[in-house]
Amino acid sequence: MTFFADFCIPFIVGEIILFTAIAIKYIMWLKGLPKSDKKLILKGAFSPRFFTATWEVIRESLLHHRIFKVNPLLGYMHMSLAFGWFLLISVGWIETIAYLGLKMIPLHGHVFFKYFIPLNEITAHKPMFDFVMDFLLLFVLSGVTLAWIKRMRSRAMGMKKTTQHISFDRIALTALWFVFPVRLLCESVTSAIYGGGSFLTGGIGTLLAAGINTEILHAIYEPLWWLYSCALGIFFVAMPFSRYMHIFTEIPLIFLRHFHLRPEAKEKSYDNFEVEACSRCGICIDPCQLQMQLGINDVQSVYFLRDRRKNRLQQKIANNCLMCGRCEQICPVGINLNTLRLNSRTSMRNIPNESRYKYLKNLDRSSGEGRVGYFAGCMTLLTPNTLSAMQRIFDAAREDVWWADKNGGVCCGRPLKLSGESDSAQKMIDYNKSLFYKHNITILVTSCPICLRIFNEEYKLDGIEVLHHSEYILRLIEQGRLHVNYSTEHTFTYHDPCELGRGSGIYNEPRAVIEAIGTLLEPSHSRKNALCCGSSLANTAINDSQQLTIARNVAEDLDNTGAETIVTACPLCKKAIARGATHQVKDLSEIVAANIL
Amino acid sequence: MKHVIVIGGGVAGMQCAAELAMQDIKVTLLEKKSDTGGKVRGWHKLFPTFTPADEVLSGLRHKMALTQNITTKTGCEATTITPQKVTLSTGESINCDAVVVATGYTLFDAHIKEEYGYGIYDNVITSADLEEMFNKDDVRMKDGSTPRRIAILHCVGSRDEKVCQRHCSKVCCVTGVKQAIELKQMYPAADVFNFYMDIRMFGPGYEEMYREAQQKYNVHFVRGRISEVSPNIDNRLQIKAEDTLTGRPLKMGVDMLVLLIGMKSNDHNASLKADCGLQCQNSGFMQPKDSFLHNTESNIEGIFYAGAITAPKNVAEALNDGATAALRVKDWLNKQ
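Spelled out as structure tokens, the structure:
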């Protein structure tokens with residue numbers, strides 16, 4: 110048996126280009142990894158993490174478990190295409206073994222098996238395989254149908270907006286749409302001429318044999334196989350250069366992630382795995398408030414990653430993001446979207462100005478003495494009600510406090526980092542860090558989640574416990590050092606600040622504090638699904654009235670709870686929401702200070 | 398006899414009512430508060446002549462009393478307005494032949510600019526609070542002592558996108574100069590600083606007053622907004638600003654900070670738009686039919702505007718508006 114026919118050429122060419130391109134990419138990316146990352150891979154490959162990673166590959170790359178959780182219909186679509194196709198390939202492979210025994214058969218021999226071995230050349234027919242293969246083909250076709258519907262009417266699939274694709278993606282997409290319907294036709298015509306097939310290809314084959322002249326069937330037989338091979342060939346060629354590269358990138362990504370590789374403040378080779386693992390499914394578009402409230406349609410993570418991959422990322426796209434983390438939270442591939450965007454910003458504008466930071470030398474404006482340090486942050490200094498509330502809380506708990514910046518201090522560095530000036534941010538970090546150590550504090554409290562985030566992520570404060578004031582206040586209450594008045598008459602609603610909630614994973618502490626004082630009414634968007642106030646420091650592209658539009662929308666959600674007071678735990682959120690709300694907006698510390706017994 | 402309802406008993410409404418009454422038109426003047434006089438009632442002296450505000454109000458009251466044609470209803474608020482009928486919040490409705498809306502403006506709530514510490518620190522006050530102190534002849538710090546250094550901050554709630562007030566309130570610059578002079582007259586030894594973005598001396602005598610403040614009274618003017626206020630160690634107010642003329646950040650300890658609060662459009666304007674079909678500007682102030690020939694008329698025939706309902710105005714402009722609106726009303730009634 111020679112497994113070759115002229116029509117296989119497009120397929121073979123496609124497959125060679127595909128595997129070569131992927132091999133080149135993998136080698137380049139892995140070679141470019143820093144030494145420390147390579148060590149992590151070696152360590153991880155021989156650890157139990159290898160098996161947990163394998164399990165995740167099955168769960169995510171084949172079954173698409175996370176998409177299922179977000180949107181079951183979309184999950185089914187992805188699963189039927191990925192898992193269905195995978196099964197078609199593997200059952201097809203078992204089928205060839207069943208008929209021909211274990212021997213070397215080229216890849217196209219498996220793919221075009223029905224052409225090379227039609228029923229009349231088989232001695233012992235195994236109809237079981239026909240049935241399973243038909244069933245699997247139907248499974249994949251159902252996914253293709255859903256993909257068509259999604260393209261034409263995304264709303265029907267539970268998506269308000271779907272991705273706007275570029276030409277390479279469109280070519281690959283079109284080829285992919287053709288692959289399975291053409292395969293169905295090929296196998297049906299084969300069945301019409303030679304018999305075989307099960308309920309699907311066999312059924313259609315019987316109909317074709319009854320309705321169409323045999324000569325015509327013979328005449329279209331070869332061209333159909335050509336078409337099938339071309340569709341596959343085109344798809345393969347387009348694949349490494351289109352979004353479908355994600356199929357092969359997500360698998361190594363999952364392994365690398367299990368081996369503890371992560372994107373960092375500066376771009377590195379590992380980022381390629383994350384960037385190209387994006388399937389451009391567009392799930393990140395709907396939750397984006399810039400899209401929802403302002404109709405900005407070209408900055409979402411899917412477009413950011415696409416532009417970055419194509420090396421044509423512009424500052425106006427990179428900078429136009431609230432970094433609220435709503436997309437990162439929902440991304441089915443789990444890409445570190447914010448970190449990638451930040452290191453892109455850093456690559457684009459990290460030019461530290463040395464002379465700007467001379468004033469840091471020998472500067473110490475702190476006051477007071479104590480093991481507990483309090484860092485208000487610039488935004489808390491602009492909302493002095495929070496500062497005086499913290500003072501009252503410290504007094505009530507008889508805490509000796511070292512005030513880091515009550516008389517003005519140095520910025521935590523996060524705003525600079527968010528705008529891409531990470532080297533300048535490092536100067537702030539080094540300054541503040543040495544200040545904290547100089548004053549021998551053991552606990553550092555801040556009422557600003559923006560500061561909190563960078564203290565936790567970048568400061569590496571060994572020996573100093575970093576607490577957000579919500580955590581600290583709750584601790585005081587639990588330890589019996591602070592007594593607050595509880596009344597059912599007080600009703601509150603709570604806005605989760607992005608940097609505190611999704612950013613630092615603190616959801617329960619502020620709620621526990623509120624519930625110690627009164628009744629908490631949850632808004633319709635809360636916890637992981639909370640909205641951004643719109644005034645995020647991370648976005649330097651939108652203007653004030655656009656920020657206000659977002660703030661009004663968030664405030665409406667909070668006002669609708671009917672609570673008498675809107676509580677938040679971030680000075681920036683407080684200022685932003687107060688602009689749009691009809692109810693009073695207070696920081697968590699203010700409602701605590703007002704209810705101290 | 399024709400009947401016109403004037404809503405709002407501030408200076409514009411009073412002037413308009415008096416002018417209409419003298420033309421033998423029956424007028425009902427509606428006032429939300431317990432007495433007429435509007436915002437001017439809380440003012441001590443008026444720029445640029447330092448005329449006592451009371452003088453202007455008593456002049457207007459005298460003029461209103463010249464005829465018997467005016468009925469003043471205090472303590473009542475208008476809810477819906479048509480040229481033929483005004484409904485009050487009590488549910489009562491009054492029929493009429495035309496309506497003049499002269500409901501003025503709202504003072505910006507300084508609490509919103511939390512960074513200035515109004516309501517948080519003792520000696521942060523607003524320009525309106527200072528006028529009240531002038532009226533009581535009692536300008537002192539909370540602890541009763543005499544202020545030795547006073548800062549006056551311009552543009553609080555004006556020209557400030559962050560609090561959704563983009564417009565210039567027009568009268569605060571000159572009020573700042575006026576109050577600085579009054580403070581210096583009261584406490585010649587005190588240092589008085591004005592922190593401003595621009596000094597807009599648009600009216601007759603204003604520029605001269607500004608010059609006098611510098612030359613005669615030695616009032617200091619610093620170009621730059623104050624960014625934040627905090628208490629310092631000896632319990633004074635520490636202000637942070639940038640002197641934008643020298644390009645240097647500056648810190649200063651002061652005893653008292655006066656916030657020149659701007660004019661904000663009334664919240665009620667939104668319901669005039671929604672319920673009565675009247676047009677609003679983006680700033681929230683009402684939109685006159687046009688800015689030149691029909692600037693006291695609304696988009697609805699028979700409804701007129703007078704005073705700061707359409708834009709920030711000083712007292713003289715509001716008084717002119719009141720008289721002009723009365724003329725336009727009379728013209729319109731004659732045509733009916």
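Protein chains in written order, with this note's numbering: chain A, 110 to 706; chain B, 398 to 733.
Positions of the beta carbon are idealized from the N, C-alpha and C atoms, including for glycine.
These numbers were taken from a predicted model, which means no experiment stands behind them.
Residues that residue i contacts on chain A, provided the C-beta gap is smaller than 8 Å
{"i": "C561 of chain B", "result": "L657 and R688"}
{"i": "E558 of chain B", "result": "D653 and S654"}
Distance CB(residue i)-CB(residue j) smaller than 8 Å
{"i": "V497 of chain B", "j": "A703 of chain B", "result": "yes"}
{"i": "T500 of chain B", "j": "G405 of chain B", "result": "yes"}
{"i": "K637 of chain A", "j": "G612 of chain A", "result": "no"}
{"i": "E530 of chain A", "j": "P606 of chain A", "result": "no"}
{"i": "V694 of chain A", "j": "I686 of chain A", "result": "yes"}
{"i": "G699 of chain B", "j": "A495 of chain B", "result": "yes"}
{"i": "G600 of chain B", "j": "V571 of chain B", "result": "yes"}
{"i": "C51 of chain A", "j": "C393 of chain A", "result": "The question about residue 51 of chain A has no answer, for chain A in this structure spans 110 to 706."}
{"i": "S662 of chain B", "j": "Y502 of chain B", "result": "yes"}
{"i": "W286 of chain A", "j": "V249 of chain A", "result": "no"}
{"i": "F120 of chain A", "j": "V200 of chain A", "result": "no"}
{"i": "L362 of chain A", "j": "F382 of chain A", "result": "yes"}
{"i": "V593 of chain A", "j": "N704 of chain A", "result": "yes"}
{"i": "L417 of chain B", "j": "V726 of chain B", "result": "yes"}
Residue i versus residue j - alpha carbon distance
{"i": "D115 of chain A", "j": "A328 of chain A", "result": "16 Å"}
{"i": "K423 of chain B", "j": "G456 of chain B", "result": "20 Å"}
{"i": "G621 of chain B", "j": "P445 of chain B", "result": "24 Å"}
{"i": "G486 of chain A", "j": "A625 of chain A", "result": "26 Å"}
{"i": "T448 of chain A", "j": "P372 of chain A", "result": "7 Å"}
{"i": "Y603 of chain A", "j": "C642 of chain A", "result": "12 Å"}
{"i": "P680 of chain A", "j": "K559 of chain B", "result": "14 Å"}
{"i": "K178 of chain A", "j": "L646 of chain A", "result": "31 Å"}
{"i": "T455 of chain A", "j": "I697 of chain B", "result": "57 Å"}
{"i": "C520 of chain A", "j": "D532 of chain A", "result": "14 Å"}
{"i": "I426 of chain A", "j": "K683 of chain A", "result": "27 Å"}
{"i": "L211 of chain A", "j": "N229 of chain A", "result": "21 Å"}
{"i": "E376 of chain A", "j": "Q423 of chain A", "result": "16 Å"}
{"i": "L690 of chain B", "j": "N717 of chain B", "result": "14 Å"}
{"i": "G314 of chain A", "j": "T299 of chain A", "result": "7 Å"}
{"i": "P268 of chain A", "j": "R389 of chain A", "result": "According to the sequence as given, residue 268 of chain A is Met; it is not Pro. Taking the straight line joining both Cα atoms gives about 13 Å."}
{"i": "I126 of chain A", "j": "A207 of chain A", "result": "30 Å"}
{"i": "R421 of chain A", "j": "L657 of chain B", "result": "49 Å"}
{"i": "K467 of chain A", "j": "K536 of chain A", "result": "10 Å"}
{"i": "N662 of chain A", "j": "G689 of chain A", "result": "8 Å"}
Within chain B, partners of residue i - CB distance below 7 Å
{"i": "L403 of chain A", "result": "Near L403 of chain A there are no residues of chain B at all, since even the closest Cβ is about 16 Å away, more than 7 Å."}
Neighbouring residues, chain B, relative to residue i (Cβ below 8 Å)
{"i": "N494 of chain A", "result": "E511 and I517"}
The beta strand (DSSP E) enclosing residue i, as first and last residue numbers
{"i": "V481 of chain A", "result": "V481 to F484"}
{"i": "T323 of chain A", "result": "Unbroken run through T323 of chain A is the alpha helix (DSSP H), T323 to A347; no beta strand (DSSP E)."}
{"i": "H369 of chain A", "result": "H369 of chain A -> no beta strand (DSSP E), and no H or E assigned at all."}
{"i": "Q500 of chain A", "result": "Note, Q500 of chain A: premise wrong, no beta strand (DSSP E); alpha helix (DSSP H) at P493 to A505."}
{"i": "V626 of chain B", "result": "I623 to P628"}
{"i": "D451 of chain B", "result": "Where D451 of chain B is concerned, there is no enclosing beta strand (DSSP E), although the alpha helix (DSSP H) it sits in stretches over A450 to M461."}
Range of the contiguous alpha helix (DSSP H) that encloses residue i
{"i": "S654 of chain A", "result": "D653 to D668"}
{"i": "Y303 of chain A", "result": "S276 to Y303"}
{"i": "K648 of chain B", "result": "Run containing K648 of chain B: none in the alpha helix (DSSP H); it sits in the beta strand (DSSP E), R645 to V651."}
{"i": "T572 of chain B", "result": "C569 to M583"}
{"i": "R725 of chain B", "result": "V712 to K732"}
{"i": "Q535 of chain A", "result": "S531 to K547"}
{"i": "Y708 of chain A", "result": "With chain A represented from 110 up to 706, any question about residue 708 of chain A goes unanswered, as that position is not in the structure."}
Contacts of residue i in chain A (Cβ-Cβ under 9 Å)
{"i": "S734 of chain B", "result": "Coverage of chain B is limited to positions 398 through 733, which leaves residue 734 of chain B absent and any answer about it impossible."}
Contact list for residue i against chain A, beta-carbon separation under 7 Å
{"i": "G514 of chain B", "result": "P493"}
TODO: Below 8 Å between beta carbons is the criterion; list the residues of the segment 694-714 of chain B that meet it against any residue of chain A, in chain order.
DONE: none
Task: Near-chain B residues of the segment 644-678 of chain A - C-beta to any C-beta below 7 Å - done: Against chain B - using a Cβ distance shorter than 7 Å - the residues of the segment 644-678 of chain A are D653 and L657.
Open item on the list: Under 7 Å, CB to CB, which of the residues in the segment 464-494 of chain A have a partner in chain B?
Closed with: L490, L491, T492, P493 and N494
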